[in-house]
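Quick mapping for you: the protein sequence lines, in order, are chains W and U.
Taking the working numbering as reference, the numbering of the first sequence is continuous, increasing by one, and the terminal residue is 365.
Taking the working numbering as reference, the numbering of the second sequence is continuous, increasing by one, and the terminal residue is 365.
Even glycine gets a Cβ: it sits at the ideal position worked out from N, Cα and C.
Quick caveat, the model's predicted, so the values are computed rather than measured.
Protein chains: 2
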Amino acid sequence: MSLIQHSLKRVFKNVAVTAAACFALVATGATAADKVYRLKLAETWGPNFPVFGDATKNMAAMAEKMSNGRLQIRIDSANKHKAPLGVFDMVKSGQYDMGHSGSYYWKGKVPNTLYFTSMPFGMTPAEQYAWFYHGGGMELMEQVYSPHNLMSFPGGNTDIQMGGWFQKEINSVEDLKGLKMRIPGFAGEILAELGAKPTNIAPGELYTSLERRTIDALEWVGPSLDLRMGFHKIAPYYYTGWHEPGSELQFLVNKRTWNKLPEDLQEILRVAMRTAAYDMYTQATHESGKNWVSMKTEYPDVQVKDFPPSVMAALQEANDRLLAKHAEKDALAKEIQKSQSDYLQQVRSWTDISHRAYLNSQAKK
Amino acid sequence: MSLIQHSLKRVFKNVAVTAAACFALVATGATAADKVYRLKLAETWGPNFPVFGDATKNMAAMAEKMSNGRLQIRIDSANKHKAPLGVFDMVKSGQYDMGHSGSYYWKGKVPNTLYFTSMPFGMTPAEQYAWFYHGGGMELMEQVYSPHNLMSFPGGNTDIQMGGWFQKEINSVEDLKGLKMRIPGFAGEILAELGAKPTNIAPGELYTSLERRTIDALEWVGPSLDLRMGFHKIAPYYYTGWHEPGSELQFLVNKRTWNKLPEDLQEILRVAMRTAAYDMYTQATHESGKNWVSMKTEYPDVQVKDFPPSVMAALQEANDRLLAKHAEKDALAKEIQKSQSDYLQQVRSWTDISHRAYLNSQAKK
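Here it is in structure tokens:
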């Protein structure tokens, strides 16, 4: 063996010793505590989607920092997984560990998922958080998702959604008849009951459709996201909301993934999701105010309108009729509806003497 | 350089890399990562104080679970440390690592702490969170607290506080003259400007004072905490709020303690405090609704009243006059006031077309 070979061997031995010592330290020092868990999250949104996409990034960053790198969450946007509305199935099967989406997107698959985003004439964000965490909402959501190997958590609130952009004023229920409006989901069903022609149109075609009068109206979110769509340039009326008074997104977690995590990482993930949801509501509030002021400055003639009471009453009546149909067919649907309407009645008595009274007193000035 | 020298160099480089990686693992995995940090928190409240005390327990439990026991926070209530209003000083000096209290309690000591709880005619909880986290509020709070070796964080919101319990109706500014009312702090100063006689009375004596007419009126919090005080049994009028539209408690942290914590525990503490604050707001919403329904069931004759516009205008005018005095004396006070009033104007434009419009549309039914 040459000197050089010998040196090399010694060096390698040192490497081995060092490595062994290193592994020993790791093993004695923190066994499970050093294992890195890498989770994959599929979000329904495109890459860097404003507000919604910030919520997933915020959640993942908190989880990684709090776990000192032991919990790493890779976020795949829709351009990567190509299945924006396949998130439920991909997390259920374990193809993804987590998802970020909206519960009501799955109503065609599991009807009772409808109730965990926002219901027409329902709770505001603060009221709905109180229902989720103190009024039985989380437990009911678990009943709906658990049979699908899934856990669902609040995933961020857009605040009260606006009623939408309209080319013409709505002065009576008659004005809704034949109205072509982009409004998907349950709210679309309600409008159809009143003779409107609801339709769904891909986001990229919304502006042109409204501009060329292919549709007469559309709803999107509210100032937080509507500004970049430019609707205020082509529609004079912006109606206040009724159909989604506190739209809450959702985090989905595959139960097998969850059960594999040590307890401290489960708590880190649980808290990171809850905080990211609250944080998104705070961000949506900020973006809404900021963008609304920008819109009004650029287009001061945009008119904010409330639907007249007769229209609201008709919408509410159609809503109640449709909900009753769901409740007739499904005992759990009935239970969830009752939980929500009982809770709303209780909490709104407070919101009325606090928020409504205060906001009205300040507006009178 | 020979091939062998080159190989050796590469080997040594690998050793160095391995060793570096190893030390990194040792540092995170076994040494720092296993050290237990025990912090002491002094809260202004008595033991098991409802809602407020739940926020500190919730925060400490999250921190302990997420850190797998490495961050332990002992909570001392006022009965232990005997200095409910000494929390600022005890955390500043390092006698305690943390505190849970209210920023405006320190206005006699550091006048600009006034601005970080809730201001009369100011922001609602959601608006104020947006200001803290997106409108410059956290940075201004840091400017106020940093010279005192302290960090301050939002610590839980009681929601809009009610205007108080009154024995007689308030129909004009004239009715405020000579009115003996328990209302501490800045709101008390405002009432004094209008001829009322504000006073502070210990919580344990409030019921008797109002019952025996030693005072004509009092404000406490709102249904979430008023129910157990029993005021609804002895005062017929419950006025809606103006003076604290979103009272946010605070967590205080001694900066030296903070700097001793490793980065992962800093993030765990930061997130646990932020989440406990949001959670408390959710709990306060729930308790308010639940308790208000109980009160109304037991005492259906309690009358909810708004102060008439003339009284609100006079209160607002006195408020503006007092604030201007503060701003004249202190450049930072002026900057904070401007930040808050600019932000309020922006965000309220949104709250009005969302929350106010929606709540009014639902109340009309």
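Chain-ordered chain U contacts of residue i [CB-CB under 8 Å]
i, result
"W:Arg182", "Correct list: empty, because the minimum Cβ distance to chain U is about 20 Å."
"W:Arg321", "Going along chain U, no residue has its Cβ under 8 Å from W:Arg321, so there is no contact; the nearest lies around 16 Å."
"W:Thr366", "Because chain W spans 1 through 365 in this model, residue 366 of chain W falls outside it and cannot be assessed."
"W:Trp242", "Tyr358, Ser361"
"W:Gly156", "The contacting residues do not exist; W:Gly156 stays about 12 Å from chain U at best."
Other residues of its chain near residue i: CB distance less than 7 Å, five sequence neighbours each side excluded
i, result
"W:Trp292", "Pro223"
"U:Leu25", "Because U:Leu25 sits at a pLDDT of 36, beneath the cut-off of 50, its placement in the model cannot be relied upon, and the following sentence gives the value as read from the coordinates. None."
"W:Ala130", "Val347"
"U:Ser361", "none"
"U:Ala30", "The pLDDT assigned to U:Ala30 is 43, lower than 50, so where the model puts this residue is not dependable, and the model offers no usable value."
"W:Leu323", "Gln337"
Proximal residues of chain W, C-beta to C-beta of residue i below 8 Å
i, result
"U:Asp175", "Those do not exist, as U:Asp175 stays about 17 Å from chain W at its closest Cβ, beyond 8 Å."
"U:Asp226", "Here the premise fails: no neighbours, minimum Cβ distance about 12 Å."
"U:Ser349", "Gly289, Trp292, Val293, Lys296"
"U:Pro84", "Within 8 Å Cβ-Cβ: nothing; U:Pro84 doesn't reach chain W, min ~27 Å."
Amino acids of chain U, ordered along the chain, whose beta-carbon sits closer than 7 Å to that of residue i
i, result
"W:Met66", "Met66, Asp264, Glu267, Ile268, Val271"
"W:Ile160", "Ser354, His355, Tyr358"
In DSSP terms, what residue i is bridged to
i, result
"U:Glu152", "Reading off the sequence, residue 152 of chain U comes out as Ser, not Glu. U:Ser152 pairs with U:Leu252."
"W:Ser101", "W:Gln250"
"U:Leu41", "U:Ile75, U:Met98"
"U:Leu218", "U:Trp165, U:Arg182"
"W:Pro198", "W:Met181"
"U:Lys233", "DSSP output for U:Lys233 lists no bridge partner at all."
"W:Lys305", "W:Tyr239"
"U:Asn157", "U:Glu248"
Rounded distance between the beta-carbons of residue j and residue i, thought under 8 Å
i, j, result
"W:Phe186", "W:Ser152", "The Cβ separation is near 18 Å, so there is no contact."
"W:Val144", "W:Thr113", "6 Å"
"U:Thr44", "U:Val87", "5 Å"
"U:Gln303", "U:Tyr238", "7 Å"
"W:Phe166", "W:Ala217", "4 Å"
"U:Tyr343", "W:Ile160", "No, U:Tyr343 and W:Ile160 are not in contact; Cβ-Cβ is about 19 Å, not under 8 Å."
"W:Ser101", "W:Pro245", "W:Ser101 to W:Pro245, Cβ: 20 Å. No contact."
"W:Lys197", "W:Leu225", "Actually they do not touch by this definition, with Cβ atoms about 24 Å apart."
"W:Leu332", "W:Ile190", "In fact, because the Cβ distance is near 22 Å, the residues do not count as touching under 8 Å."
"U:Ala126", "W:Ala126", "7 Å"
Neighbourhood of residue i by C-beta distance below 6 Å, restricted to the same chain and skipping five residues each side
i, result
"W:Lys177", "Gly195"
"W:Arg74", "Lys40"
"U:Thr257", "Asp97"
"U:Met396", "Since the first residue of chain U shown is 1 and the last is 365, residue 396 of chain U is not available in this structure."
"W:His81", "Ala42"
"U:Gly69", "none"
"U:Glu219", "Gly164, Ile183"
"U:Thr158", "Val221, Ser247, Ala284"
"U:His355", "none"
"W:Pro111", "none"
"W:Met273", "Met59, Phe153, Phe251"
"U:Pro84", "Thr44, Ala78"
"W:Gly53", "Trp45"
"U:Val253", "Met98, Met151"
Closer than 7 Å: residue i CB and nearest the ligand MG heavy atom
i, result
"U:Lys40", "With respect to the ligand MG, the structure shown offers nothing to examine, as it has no ligands at all."
Chain-ordered neighbours of residue i on chain U, where CB pairs are closer than 9 Å
i, result
"W:Val302", "The premise fails here: W:Val302 is roughly 11 Å from chain U at the closest Cβ pair, so nothing lies under 9 Å."
"W:Pro50", "In chain order: nothing, as chain U lies at least about 13 Å away."
Contacts of residue i in chain C (Cβ-Cβ under 9 Å)
i, result
"W:Gln283", "Protein chains in the displayed structure are W and U, and chain C is not among them."
Close Cβ partners of residue i (< 8 Å) along its chain, the five nearest in sequence each way excluded
i, result
"W:Glu142", "Met151, Ser152"
"W:Phe23", "Annotation note: pLDDT 37 at W:Phe23 (below 50); position unreliable, no value reported."
"U:Ser341", "none"
"W:Lys233", "Tyr299"
Chain-ordered neighbours of residue i on chain W, where CB pairs are closer than 7 Å
i, result
"U:Gln346", "Gly289, Lys290, Val293"
Exercise for the section: Could you list the residues in the stretch 111–132 of chain W with a C-beta less than 9 Å from some C-beta on chain U, going in chain order? Expected result: Here the close residues are Phe121, Thr124, Pro125, Ala126, Glu127, Tyr129, Ala130, Trp131, Phe132.
Practice task
Would you list, in chain order, the members of the stretch 132–151 of chain U that have their beta-carbon closer than 9 Å to a beta-carbon of chain W?
Solution key: Within the stretch 132–151 of chain U, the qualifying residues are Phe132, Tyr133, His134, Gly135.
Exercise for the section: Taking only beta carbons into account, state which residues of the stretch 285–312 of chain U come closer than 9 Å to chain W, listed in chain order. Expected result: Taking 9 Å as the Cβ-Cβ cut-off against chain W, the residues of the stretch 285–312 of chain U that qualify are Thr285, His286, Glu287, Ser288, Gly289, Lys290, Asn291, Trp292, Val293, Lys296, Val304, Asp306, Phe307, Pro309, Met312.
Handout entry: Selection of the stretch 36–62 of chain W by Cβ proximity to chain U, strictly under 7 Å
Key = For the stretch 36–62 of chain W, the beta-carbon criterion of a distance under 7 Å to any beta-carbon of chain U is satisfied by Met62.
Exercise for the section: Determine which residues of the stretch 196–229 of chain U have a Cβ less than 8 Å from any Cβ of chain W, and write them out in chain order. Expected result: Close to chain W, meaning a Cβ-Cβ distance shorter than 8 Å, are the following residues of the stretch 196–229 of chain U: Gly222, Pro223.
Handout entry: Residues from the stretch 231–255 of chain U in contact with chain W, defined by Cβ distance under 9 Å
Key = With the criterion set as a beta carbon lying under 9 Å from some beta carbon of chain W, the members of the stretch 231–255 of chain U are Tyr238, Thr240, Gly241, Trp242, Pro245, in sequence order.
Exercise for the section: Taking a Cβ distance cut-off of 8 Å, strictly less, list which residues of the stretch 326–341 of chain U are near chain W, in chain order. Expected result: Within the stretch 326–341 of chain U, no residue has a Cβ that lies closer than 8 Å to any Cβ of chain W.
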